[in-house]
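Single-structure report; data block below.
There are 2 protein chains.
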Amino acid sequence: MPRIYDHPRPAIAVDIVVLTIRHERLQVLLIERALEPFAGQWALPGGFVKVEGGRGGRGESLDAAARRELREETGLDVDEVWLEQLHAFGAPSRDPRGRVVSIAYLAVVSPDLFSRVQAATDAAAARWFTVDELPRLAFDHAEILGFALDHLRARLSQDPRVAFHLVPRELTIGDLRRVYEIIEGTTYDKANFRRRFLRLVDEGKIEPIDGQQSTGGRPAAVYRLVERAD
Amino acid sequence: MPRIYDHPRPAIAVDIVVLTIRHERLQVLLIERALEPFAGQWALPGGFVKVEGGRGGRGESLDAAARRELREETGLDVDEVWLEQLHAFGAPSRDPRGRVVSIAYLAVVSPDLFSRVQAATDAAAARWFTVDELPRLAFDHAEILGFALDHLRARLSQDPRVAFHLVPRELTIGDLRRVYEIIEGTTYDKANFRRRFLRLVDEGKIEPIDGQQSTGGRPAAVYRLVERAD
DNA sequence: CCAAAAGTGTTCTCACTACACCCATGT
DNA sequence: ACATGGGTGTAGTGAGAACACTTTTGG
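Residue numbers (my numbering), protein chains in the order written: chain A, 1 to 230; chain B, 1001 to 1230.
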């Protein structure tokens, strides 16, 4: 079996765009870099993919690397977040240290998991930023983040499941409507949004549960995503 | 500036799913492997990304690598094909020679460019296969191809531009309808499809041109994609 | 009582569907 | 003449937009 020792190789990394909604704003988790290059600047969480060790001695898959980095940098367990590969970024000069190809991931986190995120991340090194009040980002991370936001918007208009990961497990119709409005930057007529939502209910994807929730006005009915074996 | 000599690295490749329509069937271009591993089996065209040399001495971008491989293996120029990054495949054991991460691309080729494809590829080594009559594929290329087909179908239902790359530059409404029917495996009412198509015309995306085309029945009007500066 | 948000009803438009029918060409 | 595919007309259905209205809470 021939080997492939003869090719020069790039380093390979994963970078993760971790999004959530806080204070009625779409926010992204950034890490302040301690080391050169870009020391002191903000960057997406991420790191190099392990290519040796593990079962088989060849390291971890790309998804596993993303899951590991997510856990290491945020303390979040992956089955609580929406994690999805986005795109490979491989411009020759994107990292001043040398050739690095980065696989970008999107992670969508529910706001009721904050306390854990805060506990796991060193507060001095990690912070949430509103996506339209960003600092200067290291590497090509501004481009990656832009790609992720476009992707999220496109995704949302095709697959409502993403929206549910930006909302507490028990939600009102208004909660979900706000998610759409914040991400898409538009407003929806509440009557029309409601009818759209109720179609999901009688398709069996969402179920009403007992109880109500105070909202500042008339209390709202509460719903829950139906757990399904995919 | 710190370097990154300390990480073991994977090799990085691009694999290209080249699709076209021939004989009323969706077809994919495959290469017969001459070397181990998988010698004698069919595989997607592709190759390793150059990581040294070129301007800056760091090699080529991922897109450039895909364009280069496409030109080398099919003789096609990239501005005649729809070329798009699909997904990164990085399972640790996907290549028996060692750790290889592959960036998959989708290339969609018009059938009127065949003669050049045939001339450029060694006929013994390259062949078109109908996508549902495939041989056993090397590596994880069956998975990559499946991903590409799903992606193509999803793309088509959102963005009609892809369809035009599967059809001669001057086309009839029937030509385009057949593309949709072949890819989606359904049939469309011709009257309804026609109206949908005509909306694109008065949105200015397509323009009628003089002349007609014989079709086996009444001759059809001919249209052309409007060239636009994006 | 008033503000605020939930929830209901009604009307219009527009795209997609189904299906019946006419038109121009090759054989 | 007739088969074949292009092209036209019409009626129904269902989703979304717009907007007026009622209901139930907190202050």
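Backbone N, C-alpha and C fix where the C-beta goes; we use that ideal spot for every residue, glycine too. The structure displayed is predicted, hence computed values, not measured ones.
Check your understanding: Of all Cβ atoms in chain A, is any one closer than 8 Å to the Cβ of Q1041/B?
Key -> False, the Cβ-Cβ gap to chain A never drops below 8 Å.
Review point. At a CB-CB cut-off below 7 Å, which residues of chain A make contact with R1009/B?
Key: Annotation: Cβ neighbours of R1009/B in chain A (cutoff 7 Å, chain order): R9, P10, A11, I12 and V51.
**Study point:** Chain-ordered chain A contacts of F1048/B [CB-CB under 7 Å]
**Key:** The contacting residues are H7.
Review point. D150/A lies in the alpha helix (DSSP H); which residues open and close that run?
Key: Per DSSP, D150/A belongs to the alpha helix (DSSP H) from H141 to L156.
Point to revise | Straight-line Cα distance separating V1179/B from E1143/B | key: Taking the straight line from one Cα to the other gives about 23 Å.
**Study point:** C-beta atoms of A104/A and D175/A nearer than 8 Å
**Key:** Going by C-beta atoms, A104/A is not nearer than 8 Å to D175/A.
Practice item. Have a look at L19/A and Q1213/B and give me their C-alpha separation to the nearest angstrom. Key: Looking at the two C-alpha atoms, the distance is approximately 53 Å.
Point to revise | Start-end ranges of the beta strand (DSSP E) lying completely within the stretch 76 to 143 of chain A, minimum 3 residues | key: Listed in chain order, the beta strand (DSSP E) elements of length 3 or more contained wholly in the stretch 76 to 143 of chain A are 82 to 89, 100 to 108 and 126 to 130.
**Study point:** Option nearest V108/A by Cα separation, candidates G53/A, V167/A and K190/A
**Key:** Nearest C-alpha to V108/A: V167/A.
Review point. Taking just the CA atoms, how far does L1083/B sit from H1165/B?
Key: Those two C-alpha atoms are separated by around 10 Å.
Point to revise | Three CB pairs or more closer than 8 Å across the stretch 149 to 159 of chain A and the stretch 45 to 52 of chain A | key: No, the stretch 149 to 159 of chain A does not touch the stretch 45 to 52 of chain A.
Check your understanding: Helix, strand or coil for Y1188/B per DSSP?
Key -> Secondary structure of Y1188/B (DSSP, three-state): coil.
Point to revise | DSSP three-state assignment for E1073/B, whether helix, strand or coil | key: In the three-state reduction of the DSSP assignment, E1073/B falls in the helix class.
Review point. Can you name the residues of chain B whose CB is closer than 9 Å to the CB of L62/A?
Key: Near L62/A (Cβ distances below 9 Å), the residues of chain B are A1088, F1089, G1090, A1091 and V1101.
Review point. Taking the continuous beta strand (DSSP E) assigned at V14/A, which residues delimit it?
Key: Segment A11 to R22, the beta strand (DSSP E) holding V14/A.
Check your understanding: Would DSSP call G1059/B helix, strand or coil?
Key -> Note: G1059/B maps to coil in three-state DSSP.
Review point. For G1059/B, which residues in chain A fall below 7 Å Cβ to Cβ?
Key: What G1059/B touches in chain A: P92 and R99.
Exercise for review: Would you kindly work out how many angstroms separate the C-alpha atoms of V222/A and H1151/B, rounded to a whole number?
Suggested key: CA-to-CA, the gap between V222/A and H1151/B works out to about 36 Å.
Check your understanding: By the 10 Å Cβ neighbour count, where 16 or more other Cβ atoms means buried, how is I1012/B classified, buried or exposed?
Key -> By the neighbour-count rule (16 or more Cβ atoms within 10 Å), I1012/B is buried.
Practice item. Could you name the residues of the stretch 212 to 230 of chain A whose beta carbon sits closer than 8 Å to any beta carbon of chain B, in the order they occur along the chain? Key: Answer set for the stretch 212 to 230 of chain A: empty.
Exercise for review: Throw me the rounded Cβ distance for the V78/A and R67/A pair, which I believe falls under 8 Å.
Suggested key: Indeed, because the Cβ distance is near 5 Å, the residues count as touching under 8 Å.
Check your understanding: If we cut at 8 Å on Cβ distances, does Q1085/B have a partner in chain A?
Key -> It does: the Cβ of Q1085/B has a partner Cβ on chain A nearer than 8 Å.
Practice item. Use the C-beta contact count for I209/A: other C-beta atoms within 10 angstroms, 16 or more gives buried, fewer gives exposed. Key: Counting Cβ neighbours within 10 Å, I209/A comes out exposed, since fewer than 16 surround it.
Review point. Buried or exposed: I1199/B, going by 16 or more other Cβ atoms within 10 Å of its Cβ?
Key: Just to set this straight, residue 1199/B is Arg in the shown sequence, not Ile. Exposed, since its Cβ has fewer than 16 Cβ neighbours within 10 Å.
Check your understanding: Residues of chain A with a CB under 8 Å from the CB of G1056/B: which are they?
Key -> Within 8 Å Cβ-Cβ: P92 and S93.
Practice item. Give the DSSP-derived three-state secondary structure of L1198/B in the structure shown. Key: Residue state, collapsed to three classes: helix.
Review point. Rounded C-beta distance between Q1041/B and V1131/B? I'm assuming under 8 Å.
Key: Rounded to the nearest angstrom, the Cβ distance from Q1041/B to V1131/B is 17 Å, too far for a contact under 8 Å.
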